[in-house]
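Note sheet for the following structure.
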Amino acid sequence: MPSGYFSTPLIFLIEILFSLYIGILALRIIMQWAHWEYSNPLVQLIIRATQLPVKFLRKFIPPLGRWDSATILLLVILTFIKLLLIGFLQSVPLNFVIVFRWMLADIFSLFITLFSASIIIQVILSWVAPHNSYNPITPLIS
Numbered sequence: 000m001p002s003g004y005f006s007t008p009l010i011f012l013i014e015i016l017f018s019l020y021i022g023i024l025a026l027r028i029i030m031q032w033a034h035w036e037y038s039n040p041l042v043q044l045i046i047r048a049t050q051l052p053v054k055f056l057r058k059f060i061p062p063l064g065r066w067d068s069a070t071i072l073l074l075v076i077l078t079f080i081k082l083l084l085i086g087f088l089q090s091v092p093l094n095f096v097i098v099f100r101w102m103l104a105d106i107f108s109l110f111i112t113l114f115s116a117s118i119i120i121q122v123i124l125s126w127v128a129p130h131n132s133y134n135p136i137t138p139l140i141s
């Protein structure tokens, strides 16, 4: 299917929807790594948004130490599916090696973007309210 009038908006929708959910999964991985407080409303939102598929995968895949392998596998699978769909809609000849490299670069870019955004948010919050610890996002980014 050549990239054209109908496939361009479809590529945009696939990119946005998959990237939002993959970003939430990445936040869940970071949340478990950084030991965020589970009583925080933002943490509860992340857990609720990802609980169903992660709980299903956890039946088959046990955690590896303190890393939740089900969440990591779901992030990898969804990134792989997103890139396959986008490659198919753009008529890019795909093989496993190309998609795997593209997937690793996409996941690496996602985590770099999340960490960069957290630094920028922390800087802005330190200017706006330097001693206000009542904001629910403050403990998550520090």
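Under numbering that gives the first Met the number 0, the first residue of the sequence shown is numbered 0, with each subsequent residue one higher. By construction, the Cβ of each residue, glycine as well, lies at the ideal position given by its N, Cα and C atoms. For clarity, every value in this text was computed on a predicted model and none was experimentally measured.
Under the three-state reduction of DSSP, residue 66 is assigned to strand.
With respect to residue 13, residue 84 sits close: the two C-beta atoms are nearer than 9 Å. Rounded to the nearest whole angstrom, the C-alpha separation of residue 59 and residue 114 is 30 Å. Using a Cβ distance threshold of 9 Å, residue 72 and residue 82 do not count as a contacting pair.
Across the structure, residue 25 and residue 70 are spaced so that their CA atoms are roughly 8 Å apart. In the three-state reduction of the DSSP assignment, residue 60 falls in the coil class.
In this structure, the straight-line span from the alpha carbon of residue 15 to that of residue 54 is close to 24 Å. The C-alpha of residue 130 is placed about 46 Å away from the C-alpha of residue 98.
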